[in-house]
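Engineer:
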Amino acid sequence: MVSRLELVLKELNENGNFRASLFATSSGLVLASQKEEDIDERVVAAMGSLLSDSAYKAAEELKLSDIQSMRIKYMEDYIIMRNIILSNKKNQFLLAVLTKLPENDEVERY
């Protein structure tokens with residue numbers, strides 16, 4: 150059965166021309182994903198969780214505000230991640246998308 154969240158991720162992929170999108174807990178547990186067959190969403194979620202945790206610890210040490218998003222630029226791909234922190238500040242989630250690099254620098258605005 151396809152969840153409502155998976156339908157939202159499918160629409161996100163179609164509208165954004167993403168290869169994959171996922172919604173995961175801050176510990177990297179994938180709650181929903183939509184992806185191409187050759188992509189392991191668990192790897193993307195685990196990496197996102199690790200990076201988010203590292204960024205959170207750095208923010209604490211440097212007395213920075215909460216991290217909102219992260220981008221990793223590869224030669225041909227982008228991973229864009231967004232932290233979603235609920236109002237109780239105890240529950241955090243990660244929304245991540247994987248996309249090919251655009252032909253122009255338009256994505257740099259985001």
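Under the numbering used here, the sequence shown has 178 at position 29, and the numbering climbs by one with no breaks. Glycine residues also receive a C-beta, built at the ideal position from the N, C-alpha and C atoms.
What is the residue span of the beta strand (DSSP E) that Met230 lies within?
Structural biologist: To locate residue 230, count along the sequence shown from 1; it is residue 81. From DSSP, the beta strand (DSSP E) with Met230 extends over Asp226 to Ile234.
Engineer: Within 8 Å, do at least three Cβ pairs link the stretch 222-238 to the stretch 179-187?
Structural biologist: With a cut-off of 8 Å, the stretch 222-238 and the stretch 179-187 do not count as touching, because too few Cβ pairs lie within range.
Engineer: Using the rule of at least 16 other Cβ atoms within 10 Å of the residue's Cβ for burial, across every protein chain shown, is Glu225 buried or exposed?
Structural biologist: Here residue 225 refers to the residue found at position 76 when the sequence shown is read from its first residue. Classification for Glu225: exposed.
Engineer: So, Leu243 versus Ser201, is the Cβ gap smaller than 8 Å?
Structural biologist: In the sequence shown, residue 243 corresponds to position 94, counting from 1. In the sequence shown, residue 201 corresponds to position 52, counting from 1. For Leu243 and Ser201, yes; Cβs fall inside 8 Å.
Engineer: Of the choices Ile229, Leu250 and Glu210, whose alpha-carbon is the least far from that of Val193?
Structural biologist: To locate residue 193, count along the sequence shown from 1; it is residue 44. Nearest C-alpha to Val193: Ile229.
Engineer: Assuming the contact rule is C-beta atoms closer than 8 Å, Gly177 and Ala245 should be a hit. Round their C-beta distance to whole Å, please.
Structural biologist: In the sequence shown, residue 177 corresponds to position 28, counting from 1. In the sequence shown, residue 245 corresponds to position 96, counting from 1. Not really, about 10 Å apart at Cβ, beyond 8 Å.
Engineer: By DSSP, does Ile158 sit in helix, in strand, or in coil?
Structural biologist: As a position in the sequence shown, residue 158 is number 9, starting the count at 1. In the sequence as displayed, the identity of residue 158 is Leu instead of Ile. In this structure, Leu158 counts as helix in the three-state DSSP scheme.
Engineer: Quick check on the DSSP output: the beta strand (DSSP E) that includes Leu199 runs from which residue to which?
Structural biologist: Residue 199 sits at position 50 when you count from the first residue of the sequence shown. No beta strand (DSSP E) contains Leu199, which is instead part of the alpha helix (DSSP H) from Glu190 to Leu211.
Engineer: What first and last residue would you give for the beta strand (DSSP E) that runs through Phe172?
Structural biologist: As a first step, residue 172 must be located in the sequence shown, where it is residue number 23. First-last of the beta strand (DSSP E) with Phe172: Ala169 to Thr174.
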